[in-house]
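To start, the structure under review is shown below, and the notes come after it.
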Amino acid sequence: GAFLFQEFQLDIVFTWRAVVIAAAVMSFPLLVRAARVGFEGIDIHLEEIARTLGAGPLRIFFTVTLPLAARAISAGIILAFARAIGEFGATILLAGNIPGRTTTISLKIYEAVQLGTDASAYRLVVVSLIISFVAIWLSERWNRSVAS
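In our numbering, the protein residues as written are 6 to 153.
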């Protein structure tokens, strides 16, 4: 943090940017792993056929490869989103728990438990579950529309 601030006047630690960076760094591997499985499962012959029909690399990627890997990428996005929502360790280290600035749901749950307000913690857990279920539901709807 000190180098970025001294050289570029970029202050990241204990800001909302730190929350985003922490969530992205911790959840990105899940997205990459799922996307990789999707891309590896694509029959290379389909791309070769598109190439013989005159399609360029970008067109092949966007019209053949990406649609075939879309389900895996979607699953990876949902996994990454769920991981990001529940991220605690990296967030509290990089961003702290500054009310109104860097508080996340997982940090609020932690705070509620520490303060002994279990009912508040339970409500936040239910909100987290609802957000996760809605995200999964939207992903499934999107996957069905892509498949048809």
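Each residue gets a CB set at the ideal place from its N, CA and C atoms; glycine is no exception.
Using beta-carbon positions only, say whether residue 23 and residue 100 come within less than 7 Å of one another. For the purposes of this step, residue 23 is taken as the residue at position 18 of the sequence shown. For the purposes of this step, residue 100 is taken as the residue at position 95 of the sequence shown. Yes, these two residues count as a Cβ contact at 7 Å.
Could you pull out every residue in the same chain whose Cβ sits closer than 7 Å to the Cβ of residue 43, ignoring the five residues on either side in sequence? On the sequence shown, residue 43 is found 38 positions in, with the first residue counted as 1. Only 74, 76, 77 and 78 meet the Cβ criterion.
Pairing CB atoms from the segment 103-116 with CB atoms from the segment 43-54, are three or more of them under 8 Å? no
Tell me whether residue 27, by its Cβ, gets closer than 6 Å to a heavy atom of the ligand ZN. Of ligands this structure carries none, so the ligand ZN is not represented either.
Would you mind working out which of 122, 129 and 98 sits nearest residue 90, comparing C-alpha positions? Taking the sequence shown and counting its residues from 1, the one referred to as residue 90 is at position 85. Residue 129 is the option with its Cα nearest to residue 90.
Does the distance from the C-beta atom of residue 27 to that of residue 95 stay below 7 Å? For this step, residue 27 is matched to residue 22 along the sequence shown. For this step, residue 95 is matched to residue 90 along the sequence shown. Contact: yes.
Roughly how many angstroms separate the alpha carbons of residue 7 and residue 14, rounded to a whole number? Here the question's residue 7 lines up with position 2 in the sequence shown. Here the question's residue 14 lines up with position 9 in the sequence shown. In this structure, the alpha-carbon of residue 7 lies about 9 Å from that of residue 14.
Please tell me whether residue 52 has its Cβ less than 7 Å away from any Cβ of chain D. No chain D appears in this structure, which consists of one protein chain only.
Just to confirm before moving on: does the CB-CB distance between residue 88 and residue 133 stay below 7 Å? Here residue 88 is taken as the residue at index 83 of the sequence shown, counted from 1. Here residue 133 is taken as the residue at index 128 of the sequence shown, counted from 1. For residue 88 and residue 133, no; Cβs fall outside 7 Å.
Separation of residue 112 from residue 63, as counted between CA atoms: As a position in the sequence shown, residue 63 is number 58, starting the count at 1. As a position in the sequence shown, residue 112 is number 107, starting the count at 1. When rounded, the distance between both Cα atoms is 42 Å.
Given a cut-off of 7 Å on the beta-carbon distance, is the pair residue 55 and residue 69 in contact? By 1-based counting over the sequence shown, the position of residue 55 is 50. By 1-based counting over the sequence shown, the position of residue 69 is 64. Going by beta carbons, residue 55 and residue 69 fall inside the 7 Å limit.
Going by other Cβ atoms of all chains shown within 10 Å of its Cβ, with 16 needed for buried, is residue 83 buried or exposed? Counted from its first residue, the sequence shown places residue 83 at position 78. Buried is the call here.
Give the DSSP-derived three-state secondary structure of residue 23 in the structure shown. In the sequence shown, counting from the first residue as 1, residue 23 sits at position 18. The answer is helix: DSSP assigns residue 23 an H, G or I state.
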